[in-house]
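Sequential numbering from 1 applies to the sequence shown in full-length UniProt numbering. We put the CB at the ideal spot given by N, CA and C, even for glycine. Note sheet for the following structure.
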Amino acid sequence: MDLSSIYAHLKAQSQKSLDYVLRELQQIRTGQMTPALVENLEVRAYGGASVMRLQQLASIATEGPTTLVITPFDPSVVQDIEKAVLVSPLGMSPRVDGRVIRIASAPLTEEQREKFAKLASEKVEDGKVKIRLQRDDARKNVKALLDQKAITE
């Protein structure tokens, strides 16, 4: 292992951690609706025979800043998608309009804002800890190379 491979590994691991934190932050509910809020919900489709992510079963679009429109590729899974949204921790109420599901966002209460702000700060802190640990590992690897006299200061 040389210095450039240690650096490349650290950079790749740090980018993975950063991407993970960004994905987690996108799933936190704000006043505006985004497809990222629901696209990874697990849906027990086809009578519970298979568990799939919502983005695999339907197209998700925004209709204005406070409404999501979910259009299933297969109309037979409309009820399964509705159930998955209802039981999700997001606290949203879907409305079925024929073959389309609409989810309207109610304004956040002060308590919900505080809860989501706390959740966001926890996610960011988790990301910082992961990156710190990765940096420490890289530092240990460099120190080991110095001790082996594989590199000089």
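What residue range does the beta strand (DSSP E) around R99 cover? In the sequence shown, the residue the question calls residue 99 occupies position 99. From DSSP, R99 is part of no beta strand (DSSP E); its letter is neither H nor E.
Sort A144, F116, K143 by Cα distance to Q27 and report the nearest one. Translated into positions along the sequence shown, residue 27 becomes position 27. Comparing Cα-Cα distances from Q27 to each of A144, F116, K143, the minimum goes to F116.
Report the partner residues of P72 according to the DSSP bridge assignment. Start at 1 with the first residue of the sequence shown, and residue 72 comes out as number 72. P72 pairs with A58.
Label V43 either buried or exposed according to how many other C-beta atoms from any shown protein chain fall within 10 Å of its C-beta, with 16 as the threshold for buried. In the sequence shown, counting from the first residue as 1, residue 43 sits at position 43. Looking at its Cβ environment, which holds 16 or more other Cβ atoms inside 10 Å, V43 is buried.
Contact under 9 Å by Cβ, V71 with M33: The residue given as residue 71 occupies position 71 in the sequence shown. The residue given as residue 33 occupies position 33 in the sequence shown. One point to set straight first is that residue 71 is Thr, not Val, in the sequence displayed. No, Cβ-Cβ distance for T71 and M33 is not below 9 Å.
Spatially closest choice to L119 from I6, T30, A61, A45, by CA coordinates: The residue labelled residue 119 in the question sits at position 119 within the sequence shown. Checking every option, the nearest Cα to that of L119 belongs to T30.
Can you confirm whether the region 46-58 touches the region 129-149 when touching is taken to mean that 3 or more C-beta pairs between the two stretches lie within less than 8 Å? Judged by Cβ distances under 8 Å, the region 129-149 makes no contact with the region 46-58, as fewer than three pairs qualify.
Which of the three DSSP states, helix, strand or coil, is assigned to V51? Taking the sequence shown and counting its residues from 1, the one referred to as residue 51 is at position 51. Residue state, collapsed to three classes: strand.
Return the residue from the list A12, A45, L10, M92 that minimises the CA-CA distance to L37. Here residue 37 refers to the residue found at position 37 when the sequence shown is read from its first residue. Measuring from the Cα of L37, the nearest candidate turns out to be M92.
Would the beta-carbon of R113 fall within 9 Å of that of A104? Position 113 of the sequence shown, counted from the first residue, corresponds to residue 113. Position 104 of the sequence shown, counted from the first residue, corresponds to residue 104. Contact flag unset, no.
Euclidean distance between Cα positions of L54 and I151: Numbered from its first residue, the sequence shown carries residue 54 at position 54. Numbered from its first residue, the sequence shown carries residue 151 at position 151. Between L54 and I151, the C-alpha separation is close to 51 Å.
Helix or strand or just coil, what does DSSP make of A104? Walking along the sequence shown from the start, residue 104 turns up at place 104. Correct three-state label for A104: strand.
Check this for me: beta carbons of V124 and L25, under 9 Å apart or not? For the purposes of this step, residue 124 is taken as residue 124 along the sequence shown, with counting starting at 1. For the purposes of this step, residue 25 is taken as residue 25 along the sequence shown, with counting starting at 1. Yes. Within cutoff.
Taking C-beta to C-beta, are R135 and S14 nearer than 9 Å? Mapped onto the sequence shown, residue 135 falls at position 135. Mapped onto the sequence shown, residue 14 falls at position 14. In contact: R135 and S14 (Cβ atoms closer than 9 Å).
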